[in-house]
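As given, the protein sequences belong to chains A and B, one line each in that order. If you count by this note's numbering, then the first sequence holds residues 26 to 320, one letter each, in order. If you count by this note's numbering, then the second sequence holds residues 442 to 857, one letter each, in order. For glycine and all other residues, C-beta sits at the position ideal for the given N, C-alpha and C. Note that this is a predicted model, so its numbers are computed, not measured. First comes the structure, then the notes that go with it.
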Amino acid sequence: MFKDKDRYLSIVLISPSIIAVLIFIYGFIAWSVRVSLSEWKGLTPDYTFAKLNNYINLFSDPRFQVDIRNTLIFTGVFVVGSIVLGFFMAVMLDQGLKGEGFFRSLFLFPMAISYIVTGVVWRWLMNPAEGDRISGLNLLFSNLNLDFLINKWHTTETWGIAAIALAAIWQMSGYTMALYLAGLRSIPIELREAAQIDGATELQIYRHIMLPLLAPVTLSALIILGHMSLKVFDLIVAVAGKQLPLDVPAIYMWQTTFDGLFYGRGAAIGILLLISVAVLIIPYIRYTLKTETQA
Amino acid sequence: MNKKIFALLSVLMIASLALAACGGGAKKVEVFSWWTGGGEAAGLDAMIKIFNAKYPSVEFINAAVAGGAGTNARAVLATRLQAGDPPDSWQGHAGQELIGTYVAGKQIQPLNDLYEAEGWLDVMPETLIPLISQDGNIYSVPVNIHRANVMWYNPKVLADNGVAVPTTMDEWLAAMDTLKAAGVTPLALGEQWTKLHLMETVLLGSLGADKYNGLWDGSTDWGSAEVTAALENYAKVLTYTNSDSTSLSWQDAAQLVINGDAAFNVMGDWAAGYFIELGKTAMTDYGWAPVPGTVGVFQFLSDSFVLAVGAPNEEAAMDWLKVAGSKEGQEAFNPVKGSICARTDCDKSLFGEYLQSAMDDWSSNVVVGSLTHGVVANDSWKSEIDTALGLFIQDGDLAKFQAALVAACAASGPCK
């Protein structure tokens, strides 16, 4: 009796947020799907059914091909870079050096900054100007006689987006470090000692003991960083504005919808983004839910 | 900041609803714009003052939404229009940006009667009227005029290299060859929209005013050999530009000319206001001329106001438009904003040196519209052209570029 009343109360208490989520998330997803299947172009809604034309046209759209290429490059550089750098910093901090707390905060701080601020600062650092107007990192390289390092950063052809990924790595590698550090700390010291007694070198210990045990952490990091890179928008806009060489699906979606009034096409890009993020996130959520209920 | 403005807007809207509910009969007019800062906001305030003096019984509601070039404001406006809650009058770039979007959606009214009653047809350039009309109906009241086809130059750099100010496309290319050989960056260029701006001026300079106008009404074929030649000119002009254009704003690019790092820059005449802000002197630190090939042609853009279909206070909105189009209103607004009047009878002594020369050209030249700034093409068409341009700058494939322009005109323009 009491239990039933408790259950009833909890449902009542949670229902406002359930209703809100149903309307404002799932309802709008359904609406976007509807718009993406329509011919809506211009300010007035036009729900004429267009089959999958918006999607089909996107895949033959040269601009969308640029977007896919850029997203792949960005994701690759950003995810691999953050994980490698984050793991390296975690291992360094795990050596029990003095002032660990200080360095830990230092590496974590960039995460507290918004992408816009990061973008503005890196815009200055990665100034591609040449000759007398040289500045930022290129000026530093020039003063240190490291002229071979001077480059065009985000204005490099095709690979410019990788320079934006550098700024993102700067921002997120500290977070990856924190994930790995927590993982390293949870590995019992006995395992390491046992390996040492068996004559394993440090490298072997990391390769065959630490890394396999850290696999769940790596998976989490992959997914968190991966879905962030699919949605990237603000960082690119802050560094380089909305320009085609550094175009990604989110920027195309914004421009085609709000500047060009192609609502149908914009909604189709939005749905494709949702699907690509869902492919990463849904298995992860299922996996976490399963392990949490087991625990 | 946006939240605050949003909250303010909500309060204003609720307040106006409450007022309407009271039925007190207090007359008011709500005018929507994105003039929230600098000379624009000061100019709007000056016009509001005139409005209040002329119509003391009408309350003026200034519904301005912040954000560069109106990106946020237009999103707010779209939401309000879709909800059937239009402001009485709103700001928009004169021409197809307004017509293609709001006339198609049946959201603004023709203003021919107002033009006739106020005698504006006599004081505005004859060639302007078709550019702000559709099917013989005039849809907006232009308040200010900017010129897009201005070439700014550094007089000292030109003199040092023995280059005269070019007036034709061929002279321009030859001059830039000389400068390039001397190790000077011939032409300063900035981010993508400034490339579109440069493209429209080169198209105009290569095709001439009539053929250029034909691009936008469908009478000039985008696939023709003339357009190919014009695009080849553009591709050639691009080879004279600085390598880091992608990372420069229009101000950065204009500054290259001021600092003597580059000889020429093509930018709208808001650059004059920027140079004055930097404390530079006209004709010694910077000079100007029409973009080569466009002498005698004035490529304009303009902020203008419209009358909403179903405006809650239509009569008061007409009063506002009368002020916006009046000599007094435009003379109050433009010197502060750094633009010239849409009317040709404004007092020249109120304006600076550059603007005076622009006023002379405005009243005597052939007027054509700007693409980048919303006069000649609707939003969808413009965004397709912009994408095609972006791809061209990446791959340099001129034939593909021209094919994409033909396709864009067929899909979103008047071409069939």
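In this structure, A:Ala-263 is the residue among A:Ile-50, A:Phe-113, A:Ala-263 and A:Leu-299 with its C-alpha nearest to the C-alpha of A:Ala-192. Taking C-beta atoms as the reference points, B:Ala-514 and B:Ala-505 count as a pair closer than 9 Å. Distance check between A:Ser-63 and each of A:Ile-310, A:Pro-41, A:Gly-289 and A:Tyr-309 places A:Gly-289 closest, using alpha-carbon atoms only. Cβ-Cβ distances below 7 Å link A:Pro-237 to nothing in the same chain once the five nearest sequence neighbours on each side are left out.
The residues Leu-118, in chain order, have a CB closer than 7 Å to that of A:Phe-128 in the same chain once the five nearest residues on each side in sequence are set aside. The DSSP-derived three-state label of B:Arg-588 is strand.
Classified as exposed, B:Gly-737 has fewer than 16 neighbouring CB atoms from the shown chains inside 10 Å of its CB. With distances taken between CA atoms, B:Thr-725 lies nearest to B:Tyr-594 out of B:Glu-825, B:Tyr-594 and B:Ile-549.
Restricting attention to beta strand (DSSP E) runs no shorter than 3 residues, the region 573 to 621 of chain B encloses them at 585 to 588 and 591 to 594, ordered along the chain.
Taking 9 Å as the threshold, the shortest C-beta distance from B:Glu-825 to chain A falls below it. A:Leu-110 is the residue among A:Thr-73, A:Leu-110, A:Ala-45 and A:Asp-29 whose C-alpha sits nearest the C-alpha of A:Met-202. Note on B:Glu-641: 16 or more other CB atoms within 10 angstroms of its CB, so buried under the neighbour-count rule. Counting every other CB atom within 10 Å of its CB across the protein chains shown gives A:Ile-194 a total of 16 or more, marking it as buried. In this structure, the alpha-carbon of A:Leu-271 lies about 7 Å from that of A:Asn-95.
For B:Lys-636, the number of other beta carbons within 10 angstroms of its own is at least 16, and it is reported as buried. If you look at B:Asp-836, you'll find it in the alpha helix (DSSP H) that goes 820 to 836.
DSSP places B:Val-643 inside the alpha helix (DSSP H), whose first and last residues are 633 to 658.
Residue contact with chain B for A:Pro-274: absent (no Cβ-Cβ distance below 9 Å to any residue of chain B).
By the rule that beta-carbons nearer than 9 Å mark a contact, B:Arg-515 touches chain A. The C-beta of A:Thr-183 has fewer than 16 other C-beta atoms within 10 Å across all chains shown, which makes the residue exposed. In summary, A:Tyr-140 is buried, with 16 or more beta-carbon neighbours lying within 10 Å of its beta-carbon over all protein chains present. Scanning the region 506 to 574 of chain B from its first residue to its last, the whole beta strand (DSSP E) runs of 3-plus residues come out as 530 to 534.
Close partners of B:Ala-467 in chain A (Cβ separation under 8 Å) are lacking, with about 31 Å as the shortest Cβ gap. For the set B:Ala-749, B:Asp-662, B:Gly-770 and B:Gly-837, the Cα lying nearest the Cα of B:Leu-846 is the one of B:Asp-662. Within the same chain, Cβ atoms closer than 8 Å to the Cβ of B:Val-807 are found at Thr-568, Ala-650, Gly-737, Val-738 and Phe-739, the five residues on either side in sequence being excluded. Here A:Tyr-72 is exposed. Its C-beta has fewer than 16 other C-beta atoms within 10 Å. When the alpha-carbon of B:Leu-645 is set against those of B:Val-517, B:Gly-533, B:Val-584 and B:Met-610, the nearest one is in B:Met-610. In this chain, the beta strand (DSSP E) harbouring B:Gln-740 covers 738 to 742. Counting only runs of 3 or more residues that sit fully inside the region 49 to 84 of chain A, no beta strand (DSSP E) segment turns up. Within the region 158 to 214 of chain A, the alpha helix (DSSP H) runs of at least 4 residues that lie entirely inside it are, in chain order, 162 to 168 and 185 to 210. B:Pro-583 has its alpha-carbon roughly 21 Å from the corresponding atom of B:Gly-751. Per DSSP, A:Trp-147 has no beta bridge partner at all. Contacts with chain B (Cβ-Cβ distance below 7 Å) from the region 43 to 76 of chain A involve Lys-66, Gly-67, Leu-68 and Thr-69, listed in chain order. Ranked by how close their Cα comes to the Cα of B:Thr-669, the residues B:Thr-619, B:Ser-647, B:Thr-682 and B:Ile-491 have B:Ser-647 in first place. Think of a sphere of 9 Å around the beta carbon of A:Thr-96: no beta carbon from chain B falls inside it, the nearest being about 16 Å out. Beta bridge pairing from DSSP links B:Glu-500 with B:Lys-469.
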